[in-house]
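Q: Below: one structure in structure tokens.
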Amino acid sequence: MQRIGVFVCWCGSNIAGTVDVQAVSDALKNEPGVVFSTNYQYMCSQAGQDIIKQAIAEHKLTGIVVCSCSPRMHEATFRKTAAAAGLNPYMVEIANIREQCSWVHKDMPIGTEKAIILGKAAVAKVNLNTPLTPGETPVTKRALVIGGGIAGIQTALDIADAGFPVDIVEKKPTIGGKMAQLDKTFPTLDCAACILTPKMVDVAQNDKIRIFSYSEVTDVKGFVGNFDVTIKKHARYVKEDVCTGCGLCTEKCPQKKVPNEFNLGMDNRRAIYIPFAQAVPKVATIDPNYCTMLKTGKCGVCSKVCTAGAIDYKQKDEFIEEKYGAIVVATGYNPISMDKFDEFAYSQSKDVITSLEFERLTNAAGPTAGKLLRPSDGKHPHTIVFVQCVGSRCDSCAQKGKEYCSKICCMYTAKHAMLTRDKYPDTDVYVFYIDVRTPGKNFDEFYRRAVEEYDVHYVKGMVGKVTPEGDKLKVQASDLLTNKQMHIDADLVVLAAAIEPDKSARPLATMLTASMDTNDFFTEAHPKLRPVESPTAGVFLSGTCQGPKDIPETVSQAGAAASKVIGLLAKDKLTGNPCVAHSDEWMCNGCSSCERVCPYGAITYEDKEFRMPDRTTAIRRIAVVNPAVCQGCGACTVACPSGAMDLRGFASSQIMAEVDAICK
Amino acid sequence: MQKITREQLIDKAVSLLSDGTVECVLGWEKGQFDYDITPAVFNDENELRENFVWNDFCGANFSKYLVSKTRKCNGKMLVFLKPCDTYSFNQLLTEHRFDREKVYAVGIPCEGMADIDKIKAACGDGIISIDASGDKLNVHTLYSDEPISVSAESVFAERCMNCKSKKHVAYDELLGEDGDVIESHRFDEVAEIEAMTPDERFAFWQNELSRCIRCNACRDACPACTCEKCVFDNPNSGVENKAAANSFEEKMFHIIRAFHVAGRCTDCGECSRVCPQHIPLHLLNRKFIKDINSFYGDYQAGAEVGTRAPLVDYTTDDLEPGEVFERGGDNA
Amino acid sequence: MQINEYKPLIVAFCCNWCSYAGADLAGNNRLNYPADVKIIRVPCSCRVNPMFVLRAFQRGADGVIICGCHPGDCHYTSGNYFTRRRMALLFSMLDYLGIERERTRVEWVSAAEGAKFAATMNDFTEKVAALGENKRLEDLRCKR
Amino acid sequence: MDKNNKYLQEEILRMSGVNPRKCMSCGKCSATCPAYDEMEYHPHQFVSMVKNGDIERLLNSQSLYRCLSCFACIDRCPRSVEPAKLVEAVRLIAIRKQGANHMTADDVPELLDEDIPQQAIVSAFRKYSK
């Protein structure tokens, strides 16, 4: 039996004005378990807290009920008071007789009656309270960043800057991501390489940062503060620590017909290659799908020309296991495939390109050395049509494209149009738009410049059909403002393809037990207040894996994710919330219902041997809750058919005791 | 009459026993009466030849017994599954309730099982034995020298009249032919109750459920009720109560039981079969199934292994609890 | 209890993060609602087991209302989605058993919706009061 | 919106199963329409006129009969609004008015032209004979 003390607060006249506090403390004196009951003007004051501390000592109280304001206000205060008096802080319950009683009821008898009932419910609950101790888990002081684009780079740099070691896992042979492929960046028009490559060098030179390029995460176990991650380092057939990045092999390799993915297949590279001049790590990689030596065992040219002796045809995939305290997902995006948009003739004509291909065409390091030339015949295009919202903002019933707005297309299309008109004033540039969306600092001004200064023809309407005819592209479009159908003979058509999360994100989310939305974007822990955290503790989100973003937004989110990681790694131990779920192993069926409703992946299963009541032994599958991961929502307690799952602090028996007390 | 014979089943069992595929056989044996068949474990050919039963009263769904029986069996256990049993079999696998490796499942066709109460209604009491020939059941009673003959179809159990599937959704081996999923009228009765006024519905259920004697037979036979410890047996659960103390007590029992199996119930009908008070308990479970189908899309528990039951799943645009009444049509 | 002055007994389960805070806000703004409403704090609406709802009715409650964060705003991301399914099915079942549908309700109340909380409670209490005493569900032994 | 237009609007929405509110006014239907220049009201206008309940003007317009039912607009509409179904529904309203047929089936052969795609001829028979 508990020894309960009841403390009724007047809150000046806030409570005492409508509730007869003396009557309340007198009435509660007779409740089961209550050995002491009093009231005082301000329970939260020092003097009030002293009354509580004194009563705990004098009456050897095992639990207390404070009838006062909302627990959201002073529950923490009274828990500290109890702890100071040597009572477990979770033996405190608050009856909210201010916000939910005295302030909403005018009539003294009614208020008093309700206050007594609320007090009784709290007493009934405390009777069933048990002392709780928050669990502690150590924190591995190392972070993992998955993805080496601008988001991953910025996050890693910020974490390393705070003194914590960081590993970047990048599946491509170099870090840099999409930003490395871009030409200029809006709205300032500085060159992407000029601002990105110094950061890539910073990463390479930072002794806190390790880069696992050409690698991927294959397994994640553990939980916040204690992740065990397996990283697969693909064989690149070049010793990374020996290769000097001189590039001689990439010039001598006889296999010249490999589509260059960095230029989106618009030119070719060799079977041994360095993706681009500023690659980090600047190390050659052999493409096993094209290398004659690896396929037939005959060639070996690269090995002969390599003075450093870095080539190793026998290299095998390597698996690295490492512990991390926090994981940042920065897996980025890709433009969607244009397969389902036949009307734009993307697969029929080389001169219909996506915006990312356009970036490469105008990039000084691209296939045309920065000259805007048609991919088909290398001629200078005079009429260029840009089509916006290709695959964005589609209805789900249409079964092609994405429902969301890809966010960055309006701005990069304005940039492309403006730069084209700037470099080649002899061109006619049309942009077909549904809406022009330019919220952002200096964004609308930028778009207006494209229209007003550079005379880009913005047409409100959509392109319906592109037909290649001779060396022209017949573009049929609507102009909704003049209510005319337009027919343009274009030389180049650029499609602003929607963007989608990288395909690697879905299996990764499964490994991390991090949730995703229907579009495969990672879900944030709270859409407004916790935008860079995943609901899975210890997993953070950076960049476009969470939703479409431009570079400034990505960088600021990357920094925010880093600060959350730093906040986590700075702790030596994680103190959990003790109000978590726990499963009674004797009652558990192992049915997985709880696991399926848990938003945090806090529940796992193990096979355990039991000595059964009939003296046989049986191996049973039982649920185990990881208290470090559980956040205490209680969804599992209801999903559990046997009632094996219960929630500490809000046990079924406690809530039912409250129900009973109220309904008595 | 069942198309597959007792001898076929015994021969199959004996051959699997003798080649060492299985260690024991879960089958049916005669209980107190001919029509009172109970599940039993058989360990050798003699036991099988002597006691194994297969007739129109072998309604018991074996899936549930696998949970406890496989724990006691070191090797594999042979189990005969009628089409409706296979759904429960899958559902229990989804919930990891037994080890698939320890079971050798033989699917057997079922022509529908008889309801002894319907036979009693037709032939009177004092039934000594019942045998089947063709589509007829011959009932021998104390009071008549000649057997009374009734057509098997006329005494089908309710669940067999509304059979939802003759297709086996799980087996290692199939005896006889597989059937198809059937478009049944199993929700008609639920719809009839839904169409009543609230007062009529209350009166209907008050009449039905007040007969409950809390014998727990429905729970004990239900293949979804395999909890290690049932909430109704657990003094800490707050709902443990053996006796029906008042009018709401047994309602609460049946609502909670139906809710606990909601989304997991395969509509096998065992609850109604075993109820000694003839309460149409399947109408509670079918209400949940009907609601789930209409609110969240068609879902048949146990149709596949590993599916996510509707109550541990959601979509962001599910209907609101306040809208359920609009869906059901205005029958207030 | 006086016979001529019927007062319904309403149990309100409120999630800690949205609806309980919404109720506090109603208090802060001194918005009146009937004292018949008694609030039980739960971490999330998904903590409310249908057994609690039935228990309340069994012990003599006249109405039970469950309040949670708006769908999509759950503190635990998905809790209220499960609540929505569970309660939709439970309420439909209670209706099927002939129990007045006005006695049960789920309402989404955010921490900013103090006024909505008070209005909801006023409306719910009024509807339940109009039904009169809960004869179909209560356990007579436990009635006050 | 007057009563008749309101009635016609509801009738059209019911018959076509189209929800014009899904339209985001991108104009791709009109951009893609091969009969655009023949029309007084273009596909995107059809959608907005039905949405606004401006039905009678549509009913009286020759545009109804210029639609080839090629379904390009249905195929390419990013919002699945399906303008051609609206056109068809308005046409049916016109046809259902006794004696108000645009032309009879007998009129069709002499209007035939060698260049008309077969699909258009089949559509014509379907549209003009009932």
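Chains as they are written, first to last, in our numbering: chain D, 1 to 664; chain E, 1001 to 1332; chain F, 2001 to 2144; chain L, 3001 to 3130.
We put the beta carbon where it would ideally sit given N, CA and C, even for glycine.
Which of the three DSSP states, helix, strand or coil, is assigned to residue 3025 of chain L?
A: coil
Q: Counting only Cβ pairs nearer than 8 Å, list the residues of chain E close to residue 639 of chain D.
A: 1311 and 1312
Q: For a cutoff of 8 Å on Cβ pairs, would you count residue 426 of chain D as touching chain L?
A: So no, residue 426 of chain D is outside the interface.
Q: Is the number of C-beta pairs between the stretch 572 to 587 of chain D and the stretch 1209 to 1224 of chain E that are closer than 8 Å three or more?
A: no
Q: Which residues mark the beginning and the end of the beta strand (DSSP E) in which residue 221 of chain D is found?
A: 215 to 223
Q: Short of 7 Å Cβ to Cβ, which residues in the stretch 627 to 660 of chain D face chain F?
A: 631, 632, 633, 634, 635, 637, 638, 647, 650, 652, 655, 656, 658, 659 and 660
Q: Using only the alpha-carbon positions, how far apart do residue 3046 of chain L and residue 2132 of chain F sit?
A: 55 Å
Q: So with CB distances below 9 Å, who are the chain D contacts of residue 2068 of chain F?
A: Simply none; closest approach about 11 Å.
Q: Which bits of chain F does residue 583 of chain D rub up against, with CB to CB less than 9 Å?
A: In chain order: nothing, as chain F lies at least about 15 Å away.
Q: Which partner residues of residue 467 of chain D appear in the DSSP bridge assignment?
A: The secondary-structure analysis by DSSP pairs residue 467 of chain D across a beta bridge with D:474.
Q: Relative to the alpha-carbon of residue 96 of chain D, which residue among F:2007, F:2021 and F:2008 has its alpha-carbon at the smallest distance?
A: Taking only the C-alpha atoms, the option nearest residue 96 of chain D is F:2021.
Q: Spatial neighbours of residue 585 of chain D within its chain, please: C-beta separation below 6 Å, excluding the five flanking residues on both sides.
A: Scanning its chain for C-beta atoms nearer than 6 Å, with the 5 sequence neighbours on each side dropped, one finds around residue 585 of chain D the residues 622, in chain order.
Q: Can you look up residue 2139 of chain F in the DSSP assignment and give me helix, strand or coil?
A: Interpretation of residue 2139 of chain F is limited by its pLDDT of 49, a score under 50 that renders its predicted location unreliable; no figure is taken from the coordinates.
Q: Candidates D:539, D:267, D:519 and D:455: which alpha carbon is nearest residue 404 of chain D's?
A: D:519
Q: Check for me: the beta strand (DSSP E) holding residue 39 of chain D runs from which residue to which?
A: In the DSSP assignment, residue 39 of chain D falls within the unbroken beta strand (DSSP E) covering 34 to 40.
Q: Might you give, ordered along the chain, the residues of its own chain that have their beta carbon closer than 7 Å to the beta carbon of residue 3030 of chain L, omitting 5 neighbours on each side?
A: 3036, 3042, 3043 and 3044
Q: If you draw a straight line from the C-alpha of residue 513 of chain D to the C-alpha of residue 646 of chain D, how long is it?
A: A direct Cα-to-Cα measurement between residue 513 of chain D and residue 646 of chain D gives close to 22 Å.
Q: Taking residue 2085 of chain F as part of the beta strand (DSSP E), name the residues at either end of that continuous run.
A: No beta strand (DSSP E) contains residue 2085 of chain F, which is instead part of the alpha helix (DSSP H) from 2079 to 2096.
Q: Terminal residues of the continuous beta strand (DSSP E) containing residue 1077 of chain E?
A: 1077 to 1081
Q: Using a Cβ-Cβ cut-off of 8 Å, state whether residue 2124 of chain F counts as contacting chain D.
A: no
Q: Name the one or two DSSP bridge partners that residue 268 of chain D has.
A: Residue 268 of chain D pairs with D:259.
Q: For residue 395 of chain D, decide whether its Cβ has a neighbour in chain L, counting only Cβ atoms nearer than 8 Å.
A: yes
Q: Measure the C-alpha to C-alpha separation of residue 384 of chain D and residue 507 of chain D and round it to an integer number of angstroms.
A: 39 Å
Q: Given this structure, state the Cα-to-Cα distance separating residue 3080 of chain L from residue 590 of chain D, to the nearest angstrom.
A: 45 Å
Q: Any idea if residue 2027 of chain F is buried or exposed, counting beta-carbon neighbours within 10 angstroms, 16 or more meaning buried?
A: Its Cβ being crowded by 16 or more others within 10 Å, residue 2027 of chain F is buried.
Q: Confirm, please, whether the CB-CB distance from residue 33 of chain D to residue 123 of chain D is below 8 Å.
A: yes
Q: Quick one: complete alpha helix (DSSP H) runs, 4+ long, within the stretch 67 to 150 of chain D?
A: Counting only unbroken stretches of 4 or more residues, the alpha helix (DSSP H) elements lying wholly within the stretch 67 to 150 of chain D are 71 to 84 and 108 to 126, in sequence order.
Q: Provide the residue span of the alpha helix (DSSP H) that contains residue 2124 of chain F, from first to last.
A: 2114 to 2131
Q: Check the Cβ of residue 1228 of chain E against every Cβ in chain D and list those closer than 7 Å, keeping chain order.
A: 586, 587, 588, 589 and 642
Q: Quick check on residue 2009 of chain F - is its C-beta less than 8 Å from some C-beta in chain E?
A: In terms of beta-carbon proximity, residue 2009 of chain F stays away from the interface with chain E, with every pair separated by 8 Å or more.
Q: May I ask you to verify whether the stretch 1158 to 1169 of chain E touches the stretch 1106 to 1115 of chain E, counting CB pairs closer than 8 Å and requiring at least 3?
A: yes
Q: Using a Cβ-Cβ distance under 8 Å, would residue 1321 of chain E count as near chain F?
A: yes
Q: Taking all protein chains shown into account, decide if residue 396 of chain D is buried (16 or more other Cβ within 10 angstroms of its Cβ) or exposed.
A: exposed
Q: Quick check on this structure: which residue in D:5, D:488 and D:155 has the alpha carbon closest to the alpha carbon of residue 532 of chain D?
A: D:155
Q: Quick check on the DSSP output: the alpha helix (DSSP H) that includes residue 1120 of chain E runs from which residue to which?
A: 1116 to 1123
Q: Express the C-alpha separation of residue 624 of chain D and residue 2010 of chain F in angstroms, rounding to a whole number.
A: 36 Å
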